[in-house]
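Protein sequences appear in the order of chains S and Z.
Oh and the first sequence: position 71 is 160 in my numbering, straight run, nothing missing.
Oh and the second sequence: position 70 is 78 in my numbering, straight run, nothing missing.
All C-beta atoms in this analysis are idealised placements derived from N, C-alpha and C, irrespective of residue type, glycine included.
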Amino acid sequence: QKEVEQNSGPLSVPEGAIASLNCTYSDRGSQSFFWYRQYSGKSPELIMFIYSNGDKEDGRFTAQLNKASQYVSLLIRDSQPSDSATYLCAVTGTGRRALTFGSGTRLQVQP
Amino acid sequence: DVKVTQSSRYLVKRTGEKVFLECVQDMDHENMFWYRQDPGLGLRLIYFSYDVKMKEKGDIPEGYSVSREKKERFSLILESASTNQTSMYLCASSLTGVYGYTFGSGTRLTVV
Numbered sequence: 090q091k092e093v094e095q096n097s098g099p100l101s102v103p104e105g106a107i108a109s110l111n112c113t114y115s116d117r118g119s120q121s122f123f124w125y126r127q128y129s130g131k132s133p134e135l136i137m138f139i140y141s142n143g144d145k146e147d148g149r150f151t152a153q154l155n156k157a158s159q160y161v162s163l164l165i166r167d168s169q170p171s172d173s174a175t176y177l178c179a180v181t182g183t184g185r186r187a188l189t190f191g192s193g194t195r196l197q198v199q200p
Numbered sequence: 009d010v011k012v013t014q015s016s017r018y019l020v021k022r023t024g025e026k027v028f029l030e031c032v033q034d035m036d037h038e039n040m041f042w043y044r045q046d047p048g049l050g051l052r053l054i055y056f057s058y059d060v061k062m063k064e065k066g067d068i069p070e071g072y073s074v075s076r077e078k079k080e081r082f083s084l085i086l087e088s089a090s091t092n093q094t095s096m097y098l099c100a101s102s103l104t105g106v107y108g109y110t111f112g113s114g115t116r117l118t119v120v
């Protein structure tokens, strides 16, 4: 079992819709969770982080964390074609100083 | 904004060569990391450093070594390049503690 799992996609949504990206993790000791966006040929950029159960909103983005279910998600409201990218979930781990990344979900927003 | 600079965007090296990948950050970050990214495998941690001259192995350290002589600079060394080390190499830095990373622009290395 991978430590951080994401559906590879592609997830295709029409412009203006809500895109929902999901991530599960195996380490119950994980405390911090990050979402990165990576455009093709570019390096990842941090867009959201969340530490506590519940929702955290930043503009069109909402991160949701459920530690009991070991599940973190990213919602993108009013999706735009410019949101088309790969979204990487990353988590901290017990006794580990570095982040563990999922393989990413490719999002396609159709105009 | 923190800037993380990787010295080369593209590199082509021959099998058996010793390869140096350089990374410099400008915000006095304690932690620096080297990952490689391959299709379907995501980002895999090679090595990281939490202080000058301090380093820890990541998940795939075989065939690699690192050097951190100054706080701002973290070098990845491929001792004897092999074709299976063809990959995108990403350097990142972060403050001490639990913070998200800032990535460099990446070095796409091809070993022929």
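Check                                                                                                                         : Outcome
Exposed or buried, what is Ala187/S when buried is set at 16 or more other beta-carbons lying within 10 Å of its beta-carbon? : buried
Determine, using beta carbons only, whether Gly118/S comes closer than 8 Å to chain Z.                                        : no
Rounded to whole angstroms, what is the Cα-Cα separation between Ile165/S and Gly24/Z?                                        : 46 Å
So, does the region 159-178 of chain S touch the region 125-143 of chain S, judging by three or more C-beta pairs under 8 Å?  : yes
In the DSSP assignment, find the beta strand (DSSP E) that holds Leu19/Z and state where it starts and stops.                 : 18-21
May I ask which residues mark the beginning and end of the beta strand (DSSP E) holding Leu53/Z?                              : 50-59
Once the 5 residues before and after Leu51/Z are set aside, which same chain residues still bring their CB inside 8 Å of it?  : Tyr43, Arg44, Gln45, Leu98
Against chain S, does Leu103/Z count as a neighbour if the rule is that its beta carbon must be under 8 Å from one of theirs? : no
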